[in-house]
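**Q** Numbering (my numbering), first residue to last: 1 to 257.
1) Under 8 angstroms between the Cβ atoms of residue 36 and residue 11?
2) For residue 67, which of helix, strand or coil comes out of DSSP?
3) Looking at residue 148: is its Cβ nearer than 8 angstroms to the Cβ of residue 94?
4) Indicate whether the contact test is met: 3 or more Cβ pairs, each with one atom in the stretch 242 to 257 and one in the stretch 184 to 196, closer than 8 angstroms.
5) Are the CB atoms of residue 31 and residue 232 nearer to each other than 8 angstroms?
6) Please state if the CB of residue 77 and the CB of residue 84 are separated by a distance shorter than 8 angstroms.
7) Examine the ligand ZN and report whether any of its heavy atoms sits within less than 7 angstroms of the Cβ of residue 141.
8) Please list the terminal residues of the continuous beta strand (DSSP E) segment that includes residue 163.
9) Pairs of beta-carbons, one from the stretch 155 to 166 and one from the stretch 104 to 121, closer than 8 angstroms: are there three or more?
10) On the three-state DSSP scale, how would you describe residue 1?
11) Using the rule of at least 16 other Cβ atoms within 10 Å of the residue's Cβ for burial, across every protein chain shown, is residue 1 buried or exposed?
12) Return the CA-CA distance between residue 8 and residue 14, expressed in angstroms with no decimal places.
13) Please classify residue 207 as buried or exposed, where buried requires at least 16 neighbouring CB atoms within 10 angstroms.
14) From the DSSP output, which residues share a beta bridge with residue 145?
15) Grab me the residues of residue 184's own chain with a C-beta within less than 6 angstroms of its C-beta, minus the 5 sequence neighbours each way, in chain order.
16) Between 45, 57 and 6, which has its C-alpha nearest residue 26's C-alpha?
17) Measuring CA to CA, which of 103, 132 and 60 is closest to residue 18?
18) Are there 16 or more other CB atoms within 10 angstroms of the CB of residue 217, so buried, or fewer, so exposed?
19) If you drop the 5 nearest sequence neighbours on each side, which residues of the same chain put their C-beta closer than 8 angstroms to that of residue 64?
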């Protein structure tokens, strides 16, 4: 085996993961670092949690940094990407993962302002990050953009309409970008997990969590690490011909009526 063949698959690449201080984002940062990428752990408020993720990355021999930015703010995103380019190089992999709170309630009872805010946050953050990272990817004629969505975009639940609408719009935006950016060497794919056990989801009753597990043909809970594996695959060269794809991570529950 040659020395080159032994290199980690993402060696020499820089990955920016938004909302990476917890949950799927944190798991993705650690998984991409294990694959050799230099990871930028973006966070909005929880600096201590982001630092803990970086410590775990470095303890495993990885490399990275944390960066505070509200990704709905264009100026903050541009400053973050400029700092990444100054310290490392252009962003090669963008993982659009940041979570935004939304109002839970019957869709027809929500104010337009509540619905508009949910959609605006999702699309604004994605737009800002893509625009900021794009010039570097275009210069390299290569790039991976990975969008984290939710199964609710195709399989909605009552009272979750604002979130479902926002993620549906996000997926449509990703599909369009896959067509437009493909000729520039940039792939855009969507990862769609079902209900995932994170610290946030633990507020759900155990009876609900177990009912979800039982509906899956695999009869297993879904964890952030399961989603991170798909993200790492899409970030690498083995997914070179994948763009505009939607990878469902559901344990098979999407097959159930």
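Each residue gets a CB set at the ideal place from its N, CA and C atoms; glycine is no exception.
**A** In this structure, then:
1) yes
2) strand
3) no
4) yes
5) yes
6) no
7) The model depicted lacks the ligand ZN and carries no ligand whatsoever.
8) Per DSSP, residue 163 belongs to no beta strand (DSSP E); it is in the alpha helix (DSSP H), 161 to 181.
9) They touch, by the three-pair rule.
10) Here residue 1 scores only 46 on pLDDT, less than 50, and its place in the model is too uncertain to base an answer on.
11) Caution applies to residue 1, whose pLDDT of 46 falls short of 50 and renders its modelled position unreliable; the value that the coordinates give is listed next. Counting other Cβ atoms within 10 Å of its Cβ, residue 1 stays below 16 and is therefore classed as exposed.
12) 13 angstroms
13) Flag for residue 207 reads exposed.
14) Beta-bridge partners of residue 145 (DSSP): 94 and 188.
15) 138
16) 57
17) For residue 18, the nearest C-alpha among the options comes from 132.
18) exposed
19) Only 29, 33, 38, 39, 40, 41, 54, 57 and 58 meet the Cβ criterion.
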